[in-house]
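A.B. asks: Residue numbers (my numbering), protein chains in the order written: chain P, 1 to 55; chain R, 56 to 587. Just so it is clear, CB atoms sit at the ideal spot from N, CA and C, and this is done for glycine as well. Just so you know, these numbers come straight off a predicted model, no measurement behind them. Please read through the structure below; I'll follow up with questions.
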Amino acid sequence: MKKLVKFPLILLGIAAGFFVVTFTIYIFNLDMKATSLLAPFLEKWYDKLERKNYI
Amino acid sequence: MKTVEKIINPVKRAGEQSPGKIYDEKLKVRARREWRGLKDTLYDYTRWLYLMSVLGRFIIVPRNVKGFFRYRWMMSYLFVPHGMDKFTIGLRDEALRIAHTSFNFVIADVTQAIANCFRGDRRVGNDKAYSDKCVITDENSMVTFMMGFDKEKVHTILREVPTMFASNIFHQFNVMHYLDVAQQYGIPGDVCPMPEAEAGISIDDDFCVLGCCAVQNNTTCDGSLMGNGIIAKRLEREYGIPTFQLATPLRHKEPDVLDYAAREIRKAIAFVEEHTGEKWDWDKYFAAARRVNDATRCRIAQLEINSTPYPQFFGAAFSLYNDTNYMGNSGRDPQFVEIDHKLLALAEQGYRAKRMYAKEYRHRAIVWGVQPQYIIDQLYWLLQCWGVMPLADMLSIINTDMIAEEDTPENREQAYRDMAMLNMEMIMRNHTHGGYKVLLDDLWELCEKMNADIVMMWEHMSCKALTGMHGMFEEQARERGIHLMWVSHDLCDPRVFTRQAIRDQVNNYMRTVMREEPLDPSLENIPDSEAY
Chain P
1 MKKLVKFPLI
11 LLGIAAGFFV
21 VTFTIYIFNL
31 DMKATSLLAP
41 FLEKWYDKLE
51 RKNYI
Chain R
56 MKTVEKIINP
66 VKRAGEQSPG
76 KIYDEKLKVR
86 ARREWRGLKD
96 TLYDYTRWLY
106 LMSVLGRFII
116 VPRNVKGFFR
126 YRWMMSYLFV
136 PHGMDKFTIG
146 LRDEALRIAH
156 TSFNFVIADV
166 TQAIANCFRG
176 DRRVGNDKAY
186 SDKCVITDEN
196 SMVTFMMGFD
206 KEKVHTILRE
216 VPTMFASNIF
226 HQFNVMHYLD
236 VAQQYGIPGD
246 VCPMPEAEAG
256 ISIDDDFCVL
266 GCCAVQNNTT
276 CDGSLMGNGI
286 IAKRLEREYG
296 IPTFQLATPL
306 RHKEPDVLDY
316 AAREIRKAIA
326 FVEEHTGEKW
336 DWDKYFAAAR
346 RVNDATRCRI
356 AQLEINSTPY
366 PQFFGAAFSL
376 YNDTNYMGNS
386 GRDPQFVEID
396 HKLLALAEQG
406 YRAKRMYAKE
416 YRHRAIVWGV
426 QPQYIIDQLY
436 WLLQCWGVMP
446 LADMLSIINT
456 DMIAEEDTPE
466 NREQAYRDMA
476 MLNMEMIMRN
486 HTHGGYKVLL
496 DDLWELCEKM
506 NADIVMMWEH
516 MSCKALTGMH
526 GMFEEQARER
536 GIHLMWVSHD
546 LCDPRVFTRQ
556 AIRDQVNNYM
566 RTVMREEPLD
576 PSLENIPDSE
586 AY
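This is how it looks when you write it as structure tokens:
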């Protein structure tokens with residue numbers, strides 16, 4: 001019986017935790033801020049790639 | 056001069072009143088997301104989660120990871136949520152839902168297009184059996200000649216859409232590298248940067264290589280014709296992909312060109328049959344034709360709603376959906392039908408509730424000319440900052456005629472003409488080519504029908520198609536008492552006109568000619584010119 005009560009509470013806790021974390025990321029635009037930090041490194045990566053460039 | 060009745064919104068907008076505060080010049084993205092009140096913020100949050108799930112499902116496939124690190128343009132797709140935020144500035148209620156419903160679907164469609172490209176790409180997925188059933192088409196091209204092929208057996212790959220067009224929506228600087236490459240190669244810098252960037256991608260060896268054949272279209276300008284030559288050369292001579300040139304008449308309002316255009320469509324279909332080994336299916340064609348007509352009816356209804364004092368369809372997100380549906384889909388995918396009706400239902404609901412999306416509607420505008428509004432958030436900004444409601448834009452004013460949809464021997468002949476008509480009247484070509492009637496007369500008719508007092512006239516610095524008519528626009532607007540607001544830009548090259556330089560032209564016009572103050576001063580100067 002205890003387990004039956006516990007299970008929905010655990011689910012609720014996980015859902016609440018998921019909401020708090022993802023909503024914080026969403027509202028403070030943390031996803032895009034983190035991505036914008038990655039961009040300069042990616043540009044360097046693409047610059048280094050070998051290509052059959054016509055120039 | 057013509058005036059329209061000013062309408063004041065009796066309802067205070069939920070959440071924050073000045074979205075200009077969310078920009079920060081030190082950042083390349085917004086400082087935070089807009090607070091839209093509890094209900095709409097939670098809705099926007101769930102759509103953000105959905106977008107994350109679309110991107111997550113894409114990147115867990117190993118070949119997509121490989122493709123991500125091979126192609127420079129893929130970097131733009133890291134900024135999909137940033138692009139979505141650009142198209143929802145200040146929006147609430149039905150308009151927010153219309154923007155998300157339409158643009159989220161476009162994003163899912165483009166994501167699938169990238170996955171398809173990588174699957175067949177010789178460098179990434181190298182699925183030869185799949186690639187052998189792929190037909191590459193131009194970005195700025197109708198796919199009516201594919202309407203009668205089973206989409207499960209023959210795959211239409213609009214290779215330039217994810218590579219250039221869509222990627223530029225999410226990251227305004229991403230095509231600058233390709234423009235530099237094209238100009239280093241020797242292409243002049245005064246052609247449209249869109250086809251020039253596509254040519255640059257080909258020169259830089261940054262297109263996916265797949266397909267059993269390709270169909271190119273003489274789209275709308277010197278730039279696209281030049282770019283097609285460069286791209287076709289690499290496709291045919293280096294990769295051995297035969298390329299068909301679908302030569303479409305530009306004077307599409309002349310009835311005597313239709314037979315020729317229909318013959319070209321027949322040839323394109325025969326070319327696809329020859330190279331894919333699949334046969335044209337009239338059942339498939341007429342099913343697609345019924346969906347094309349359904350989309351046309353929805354579009355007419357949308358325009359009707361926008362001609363009332365309470366327009367519901369506006370902004371780049373919705374017009375991008377229209378582009379995707381009209382040109383990239385052309386009735387082939389039944390999923391669009393459901394979205395069309397969902398959008399219309401939302402708009403009808405908003406109209407019945409007399410929903411307004413700014414504090415005041417001071418002016419009603421038609422947006423004309425070659426537009427960069429996918430790269431900046433100009434239309435939403437225009438409404439929120441100055442209370443100018445953009446009612447319709449040139450690229451969304453497309454065919455309103457019904458095509459034959461019953462399978463009869465006569466209609467099979469008519470079908471080639473219908474496909475040719477749609478192809479000739481594709482987005483851009485239908486107004487930038489075809490003469491005086493489609494560029495000028497259509498505009499004034501539209502101003503009348505939609506009760507517009509302003510035309511925001513995009514002046515694309517590198518587009519020669521409209522430049523010659525500058526004086527006629529001015530003369531005729533003056534005769535009709537319509538305010539003509541010229542706004543210069545250079546499409547996807549932000550080095551020529553930054554976002555703020557584009558907005559400043561409107562600011563100056565509204566202050567000096569109209570003698571007005573902004574509705575929301577926080578939006579007059581936005582430090583986002585360096586933002587992605």
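Within this structure, are the beta carbons of R:I421 and R:A507 separated by less than 8 Å?
C.D. replies: In contact: R:I421 and R:A507 (Cβ atoms closer than 8 Å).
A.B. asks: Can you name the start and end residues of the beta strand (DSSP E) that R:V510 belongs to?
C.D. replies: R:V510 -> beta strand (DSSP E) spans I509 to H515.
A.B. asks: Does DSSP put R:I482 in a helix, a strand or coil?
C.D. replies: Three-state result, R:I482: coil.
A.B. asks: Less than 6 Å between C-beta atoms, sequence neighbours within five positions excluded: which residues of the same chain meet that for R:S257?
C.D. replies: Once the five neighbours on either side are set aside, the close Cβ partners of R:S257 are I285, I286 and R289.
A.B. asks: Find the residues of chain R that neighbour P:F28, judging by a C-beta separation of less than 9 Å, and give them in chain order.
C.D. replies: Simply A86, R87 and R88.
A.B. asks: Give me the chain R residues within the contact set of P:T35, using Cβ-Cβ distance strictly less than 7 Å, ordered along the chain.
C.D. replies: Simply L133 and F134.
A.B. asks: Label R:D456 either buried or exposed according to how many other C-beta atoms from any shown protein chain fall within 10 Å of its C-beta, with 16 as the threshold for buried.
C.D. replies: Burial call: exposed.
A.B. asks: What are the residues of the segment 227-248 of chain R that lie near chain P, defined by any Cβ-Cβ distance shorter than 7 Å?
C.D. replies: Cβ contacts with chain P: V236, Q239 and Y240.
A.B. asks: Touching or not, the segment 397-417 of chain R and the segment 355-372 of chain R, by the rule of three or more beta carbon pairs under 8 Å?
C.D. replies: Touching, yes.
A.B. asks: Listed from N- to C-terminal order along the chain, which residues in the segment 94-117 of chain R have their beta-carbon within a distance smaller than 7 Å of any beta-carbon of chain P?
C.D. replies: Here the close residues are Y100, W103 and L104.
A.B. asks: Report the start-end ranges of each alpha helix (DSSP H) in the segment 259-319 of chain R that is 4 residues or longer and not cut off at the edges.
C.D. replies: With a minimum length of 4 residues, the continuous alpha helix (DSSP H) runs that stay inside the segment 259-319 of chain R are 277-288.
A.B. asks: I need the straight-line Cα distance from R:F142 to R:T156, nearest angstrom please.
C.D. replies: Taking the straight line joining both Cα atoms gives about 12 Å.
A.B. asks: With R:A447 as the anchor, note down where its beta strand (DSSP E) starts and where it stops.
C.D. replies: Unbroken beta strand (DSSP E) run through R:A447: V443 to D448.
A.B. asks: Starting from the C-beta of R:Y429, find all residues in its chain whose C-beta is less than 7 Å away, skip the five residues before and the five after it, and write them out in chain order.
C.D. replies: Once the five neighbours on either side are set aside, the close Cβ partners of R:Y429 are I224, A371 and L375.
A.B. asks: Report the neighbours of R:Y294 on chain P: residues whose CB is nearer than 9 Å to its CB, in chain order.
C.D. replies: By Cβ distance, chain P contributes nothing, its closest Cβ being about 11 Å from R:Y294, past 9 Å.
A.B. asks: Hey, out of R:T463, R:N580 and R:V135, whose CA is closest to R:A556's CA?
C.D. replies: Ranking R:T463, R:N580 and R:V135 by Cα distance to R:A556 puts R:N580 first.
A.B. asks: By how many angstroms is the C-alpha of R:S222 removed from the C-alpha of P:K2?
C.D. replies: If I take the Cα positions, the gap works out to 53 Å.
A.B. asks: Check for me: the beta strand (DSSP E) holding R:T541 runs from which residue to which?
C.D. replies: Here residue 541 of chain R turns out to be Trp, not Thr, going by the sequence shown. H538 to H544 is the extent of the beta strand (DSSP E) around R:W541.
A.B. asks: Within 10 angstroms of its Cβ, does R:V493 collect 16 or more other Cβ (buried), or is it exposed?
C.D. replies: The residue is buried, with at least 16 neighbouring Cβ atoms inside 10 Å.
A.B. asks: Starting from P:A39, find everything on chain R with Cβ-Cβ shorter than 9 Å and list it in chain order.
C.D. replies: Neighbours of P:A39 on chain R, chain order: K83, M130, L133, F134, H226 and Y587.
A.B. asks: Quick one: is R:D260 near chain P, going by C-beta distance under 8 Å?
C.D. replies: Yes, because at least one Cβ of chain P sits closer than 8 Å to the Cβ of R:D260.
A.B. asks: Does P:F23 have its Cβ less than 8 Å from a Cβ in chain R?
C.D. replies: It does: the Cβ of P:F23 has a partner Cβ on chain R nearer than 8 Å.
A.B. asks: If you measure from the beta carbon of P:K52 to each beta carbon in chain R, is any gap under 8 Å?
C.D. replies: Output row for P:K52: interface = yes.
A.B. asks: Rounded to whole angstroms, what is the Cα-Cα separation between R:F553 and R:R346?
C.D. replies: Just to set this straight, residue 553 of chain R is Thr in the shown sequence, not Phe. Taking the straight line joining both Cα atoms gives about 40 Å.
A.B. asks: Report yes or no: is there a C-beta of chain P within less than 8 Å of the C-beta of R:F124?
C.D. replies: Closer than 8 Å: yes.
A.B. asks: Thinking C-alpha only, which one of R:R112, R:C172 and R:R88 is nearest R:Y126?
C.D. replies: Checked all of R:R112, R:C172 and R:R88; the closest Cα to R:Y126 is R:C172.
A.B. asks: Locate the alpha helix (DSSP H) running through R:H418, then write down its first and last residues.
C.D. replies: Here R:H418 belongs to no alpha helix (DSSP H); instead the beta strand (DSSP E) covers H418 to G424.
A.B. asks: So with CB distances below 7 Å, who are the chain P contacts of R:N544?
C.D. replies: According to the sequence displayed, residue 544 of chain R carries His and not Asn. The premise fails here: R:H544 is roughly 24 Å from chain P at the closest Cβ pair, so nothing lies under 7 Å.
A.B. asks: Flag P:L12 as yes if its beta-carbon sits less than 8 Å from any beta-carbon of chain R, otherwise no.
C.D. replies: It does not; no Cβ of chain R falls within 8 Å.
A.B. asks: My output table needs one value for R:T143: the three-state DSSP class, helix, strand or coil.
C.D. replies: The answer is coil: DSSP assigns R:T143 none of H, G, I, E or B.
A.B. asks: Would P:L4 count as contacting chain R if we go by Cβ distances under 8 Å?
C.D. replies: False, the Cβ-Cβ gap to chain R never drops below 8 Å.
A.B. asks: Chain P beta carbons: is any one of them nearer than 8 Å to that of R:R127?
C.D. replies: Yes, R:R127 lies at the interface with chain P (some Cβ there is under 8 Å from its Cβ).
A.B. asks: Please compile the residues from chain P whose C-beta is within a distance smaller than 7 Å of the C-beta of R:H137.
C.D. replies: In chain order: M32.
A.B. asks: Looking at the C-beta of P:L9, does it have a partner C-beta in chain R at a distance below 8 Å?
C.D. replies: Chain R, which has no Cβ nearer than 8 Å to the Cβ of P:L9, makes this no.
A.B. asks: Compute the distance between the beta-carbons of R:G424 and R:W513, then report whether it is under 8 Å.
C.D. replies: Their beta carbons are under 8 Å apart, which means R:G424 touches R:W513 by this criterion.
A.B. asks: Between which two residues does the beta strand (DSSP E) holding R:V190 run?
C.D. replies: Unbroken beta strand (DSSP E) run through R:V190: C189 to T192.
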